[in-house]
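In the order they appear, the protein sequences are chains A and B.
Following the numbering used here, the numbering of the first sequence begins with 6 at its first residue and continues without gaps.
Following the numbering used here, the numbering of the second sequence begins with 6 at its first residue and continues without gaps.
Notes follow once the structure below has been shown.
Number of protein chains: 2
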Amino acid sequence: MKPVQVGLLGIGTVGSGVYNVLKRNQAEIQRRAGRAIEITMVADLDVERAQAVVGGAVRVVKDAREVIANPGIDIVIELIGGYGVARTLVMEAIAAGKHVVTANKALLAVHGTEIFAAAHEKGVMVAFEAAVAGGIPIIKALREGLTANSIQWIAGIINGTTNFILSEMRDKGLDFDVVLKEAQRLGYAEADPTFDIEGVDAAHKATIMSAIAFGVPVQFDKAYVEGITKLSATDIEYAEQLGYRIKLLGITKRVAGGIELRVHPCLVPAKRLIANVEGAMNAVVVQGDAVGTTLYYGKGAGSEPTASAVIADLVDITRLHTTDAANRVPHLAFQPDQMSGEPVLPMSEVVTSYYLRLRVSDQAGVLAKVAGLLANAGISIDAMLQREASAVGGAGSTQTDLILLTHTVREGTMNDVIAQMQALPTVLQTITRIRKEELA
Amino acid sequence: MKPVQVGLLGIGTVGSGVYNVLKRNQAEIQRRAGRAIEITMVADLDVERAQAVVGGAVRVVKDAREVIANPGIDIVIELIGGYGVARTLVMEAIAAGKHVVTANKALLAVHGTEIFAAAHEKGVMVAFEAAVAGGIPIIKALREGLTANSIQWIAGIINGTTNFILSEMRDKGLDFDVVLKEAQRLGYAEADPTFDIEGVDAAHKATIMSAIAFGVPVQFDKAYVEGITKLSATDIEYAEQLGYRIKLLGITKRVAGGIELRVHPCLVPAKRLIANVEGAMNAVVVQGDAVGTTLYYGKGAGSEPTASAVIADLVDITRLHTTDAANRVPHLAFQPDQMSGEPVLPMSEVVTSYYLRLRVSDQAGVLAKVAGLLANAGISIDAMLQREASAVGGAGSTQTDLILLTHTVREGTMNDVIAQMQALPTVLQTITRIRKEELA
Chain A
6 MKPVQVGLLG IGTVGSGVYN VLKRNQAEIQ RRAGRAIEIT MVADLDVERA
56 QAVVGGAVRV VKDAREVIAN PGIDIVIELI GGYGVARTLV MEAIAAGKHV
106 VTANKALLAV HGTEIFAAAH EKGVMVAFEA AVAGGIPIIK ALREGLTANS
156 IQWIAGIING TTNFILSEMR DKGLDFDVVL KEAQRLGYAE ADPTFDIEGV
206 DAAHKATIMS AIAFGVPVQF DKAYVEGITK LSATDIEYAE QLGYRIKLLG
256 ITKRVAGGIE LRVHPCLVPA KRLIANVEGA MNAVVVQGDA VGTTLYYGKG
306 AGSEPTASAV IADLVDITRL HTTDAANRVP HLAFQPDQMS GEPVLPMSEV
356 VTSYYLRLRV SDQAGVLAKV AGLLANAGIS IDAMLQREAS AVGGAGSTQT
406 DLILLTHTVR EGTMNDVIAQ MQALPTVLQT ITRIRKEELA
Chain B
6 MKPVQVGLLG IGTVGSGVYN VLKRNQAEIQ RRAGRAIEIT MVADLDVERA
56 QAVVGGAVRV VKDAREVIAN PGIDIVIELI GGYGVARTLV MEAIAAGKHV
106 VTANKALLAV HGTEIFAAAH EKGVMVAFEA AVAGGIPIIK ALREGLTANS
156 IQWIAGIING TTNFILSEMR DKGLDFDVVL KEAQRLGYAE ADPTFDIEGV
206 DAAHKATIMS AIAFGVPVQF DKAYVEGITK LSATDIEYAE QLGYRIKLLG
256 ITKRVAGGIE LRVHPCLVPA KRLIANVEGA MNAVVVQGDA VGTTLYYGKG
306 AGSEPTASAV IADLVDITRL HTTDAANRVP HLAFQPDQMS GEPVLPMSEV
356 VTSYYLRLRV SDQAGVLAKV AGLLANAGIS IDAMLQREAS AVGGAGSTQT
406 DLILLTHTVR EGTMNDVIAQ MQALPTVLQT ITRIRKEELA
């Protein structure tokens, strides 16, 4: 059979990885796929640099549309990123009847509905294993491996930058700002780290997993997104004393009334495997009604781990392109006419438990007032920790930290109670609230 | 489209799970697969019990051949187990042009070559996700998700019974025999636990993973198999003090000269995720050249976790049956005409590191002699631990334990050195040797 011909749009870090892995493992991949898969054309604004990566045998052009227009190209890989030109080119590639592989989570989380509809209409595949958790085959696990299950929830460490920062904060007892600078120096965080540290990147990925797990459209605009910029080493330490680690999790759950879709820092019991995922590694826990708890762990970013996922998609397309289209794996796991209209719940409707830290005056009756407010709202306390004032503010201190873990409660109710606590004259600073999940 | 009709051979624990999950999640599975998948016929020796499980609407027969001969049946699920009748029936189902799904690792590890050849010849699929690590989609990850990679090694906790026993031995400081009885009482170990505790079950699974990872035939007869029956609480405790946990691992590696395929107890650094997999859970670590380290975790046995994998196979077959056969995922990941002849190495050729425990006389010069024998063989010591004699044998004791961790060495060389050590008059008992892997 003639080789599958692939056109690559954008040959930066990931693109180079795809080219190099495909070349290095060419024979082995062909022994599996039954056909050769070759990158025969590359588009990049920096033609010279691109040509240096791929050598003389591959045609490099500046204009991506030349790749799309080439009738010899079977599959187009989009590695440009962002919502702008990438969106246009993906839509044009689909219109030209090309299968598409992309690692672009932002594009799919925001414009997925439009893109998948166009692909379905045209009878081509848009594959995106690399868009979530890099080299971990989590899309395949969710769409195919766990297809027997009614998925109950997913919780994932799906941003390596923030997990690296949180690991360092815990290991070294340093605050966020200090570690961020270190992470930037080491290349674990970008010069503009906003998308990572504010949770946006994780929310893109959680949005995609949510759609696949529950058969709902991608709805990034409905996701609750909270980053790690306000976390302090103090809270990480208190959480540790209570037997928890703090991780930035992307969470999606099916509950009565709808779907939860949220990204925020989260206390997780230290004994859970996912609590022990350190550094820039990713891990996703999936709970299914038949299979129970499963976990998938690996590198969530980087040149070759991401390339591993991109190439797996190339092989999948190579296999499935002769299947009649109705038998291919649907883009979002469920057949397009079988999607669910279950709403994404507003954060105020989410039920979870909480870690609260209150800086209070060290005087009689403070705890009674705080506990009274919680009791009035029907919130029960799971654990409590109060430090000696001297340990918090030094000798002669009149302030102390009161740390509470609550049982589950509607977030709207918790917001009301926090407002009431905050109004107490004995509560001296803004209350810290971090959500907590048992993941069991 | 008309429903896919499935015939089930053997409706015990796993079979009931398949029936129940398929029924409970019928609508959701159909929304994914695009077609209904129905068990329409069951064969079981105990017709009455089987009929009670599936109710009146499903035809139950005693003779499995009636199911195979039914022209309406598209897929046959074999859940009988063992090498005997199961082998005959699988071969007959293939000959009748049925696709087959099986959870039977013993059958595939021993007779896989014959079975896959027959299936290839006949143009049908034999799917076996449930044969390795139960509900964890590890076969899919290896065959499809990591297809871009040259796999370097796999190490897995792939037998829940033994992991449960080892976890209990560590938690409670108890010896093997005591915990085995407890495990049997709780249903974690069978009345005849030989296949589990002697490592045979794990070796069946490792054999299958080895074939898929490296493109070699299944060669169970070449696997090195050592169980956990000789492990003592003492060694688990010493390992812990040195920063390691002891797990029964199925390991397969590609090295210069061939393939390693072995099951044995193994020290693993306590900080590795897999070292923290407790109870009856399974986990598999896969190292690929592009993706790096990945890990897959979940329930390795049980009715519904195993059913989750069986049903995923049913959906896969439903998808792929219209693909031309050359484009289906090959049974052993590599195209049948592209298998490798790399030999499975004898255990004496395996290179690994070791934990050694020597019960020695507590007198001058013992360590020097032992260290001298290692040095002569070119084996360097990584760590050493010697307990006070009184801590080992009580007050007045003249014996002590000498624990050594070595760097890597050929097993054949280590065998020679152990024989030399054993011959020393100051070595008082049989030397305990446990292999050690860093898994990094």
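Backbone N, C-alpha and C define an ideal beta-carbon position, used for all residues, glycine too.
A Cβ-Cβ contact shorter than 8 Å links I80 of chain A with K103 of chain A.
For Y302 of chain B, the residues of chain A that pass the 7 Å Cβ criterion are L278, T299 and L300, in the order they occur in the chain. What F169 of chain B touches in chain A, judged by beta-carbon distance under 9 Å, is nothing: the nearest beta carbon there is about 15 Å away. For L254 of chain A, the enclosing beta strand (DSSP E) covers residues Y249 to V260. Contact between the segment 231 to 239 of chain B and the segment 170 to 179 of chain B is established, with three or more Cβ pairs separated by less than 8 Å. If you compare the alpha carbons of A:I213, A:H412, A:D197 and A:M96 with that of T357 of chain A, the shortest gap goes to A:H412. With distances taken between CA atoms, L247 of chain B lies nearest to B:Q391 out of B:Q391, B:V291, B:H336 and B:F225. Here K227 of chain B has L266 and V349 as same chain residues with Cβ atoms under 7 Å from its own Cβ, once five neighbours each way along the sequence are excluded. Any Cβ of chain B closer than 8 Å to the Cβ of T411 of chain A would place that residue at the interface, and such an atom is absent. Just so you know, the alpha carbons of M6 of chain A and I16 of chain A end up roughly 27 Å apart. Here A135 of chain A is buried: its Cβ has 16 or more other Cβ atoms, across all protein chains shown, within 10 Å. Using a Cβ-Cβ cut-off of 9 Å, P274 of chain B is close to nothing in chain A; its nearest Cβ partner there is about 13 Å away. The beta-carbon distance between V95 of chain B and E83 of chain B, rounded to whole angstroms, is 5 Å. This is short enough to meet the 8 Å contact definition. Cβ neighbours of P270 of chain A within its own chain (closer than 6 Å, five residues either side excluded): I233, L236, I251, L253 and I439. For P274 of chain A, the secondary structure class from DSSP, reduced to helix, strand or coil, is strand. Closest option to K304 of chain B, judged by alpha-carbon separation, among B:F169, B:R364 and B:L363: B:F169. Taking a Cβ-Cβ cut-off of 8 Å, the neighbours of A312 of chain A in chain B comprise A153 and A295, given in sequence order. Here D206 of chain B has N164 and F200 as same chain residues with Cβ atoms under 6 Å from its own Cβ, once five neighbours each way along the sequence are excluded. With the rule of 3 Cβ pairs closer than 8 Å, the segment 189 to 196 of chain A does not count as touching the segment 123 to 138 of chain A. With a cutoff of 8 Å on beta-carbon distance, V315 of chain A and A146 of chain A are scored as not near each other.
Taking a 10 Å sphere around the C-beta of G383 of chain A, we find fewer than 16 other C-beta atoms and assign the residue as exposed.
Judged by beta-carbon spacing, T328 of chain A lies beyond the 8 Å limit of R37 of chain B, meaning their Cβ atoms are not closer than that value. A contact between stretches requires three or more CB pairs, one per stretch, nearer than 8 Å, and the segment 51 to 61 of chain B meets this requirement with the segment 16 to 25 of chain B. Secondary structure at N287 of chain A: strand, using DSSP grouped into helix, strand and coil.
A check of alpha carbon separations from G139 of chain B across B:S313, B:L325, B:T299 and B:K28 identifies B:S313 as the nearest. In this structure, E203 of chain A places its C-beta atom within 8 Å of the C-beta atom of V230 of chain A. Looking at the DSSP output, I322 of chain B sits in no beta bridge, so it has no partner there. I99 of chain B is positioned such that its CB atom lies no closer than 8 Å to that of V90 of chain B. Taking the Cα positions, A160 of chain A is about 55 Å away from T403 of chain B.
Collapsing the DSSP output to three states places D176 of chain A in a helix.
Look at T212 of chain A here: in three-state DSSP terms it is helix.
With a cut-off of 8 Å on Cβ pairs, the segment 418 to 433 of chain A is not in contact with the segment 278 to 296 of chain B, counting fewer than three such pairs. Less than 8 Å divides the Cβ of F133 of chain A from the Cβ of T107 of chain A. In terms of CA proximity to Q10 of chain B, B:R64 leads the group B:R64, B:E119 and B:D342. Taken in chain order, the complete beta strand (DSSP E) segments of 3 or more residues contained in the segment 16 to 48 of chain A are 42 to 48. Here K127 of chain B carries a helix assignment [DSSP, helix/strand/coil].
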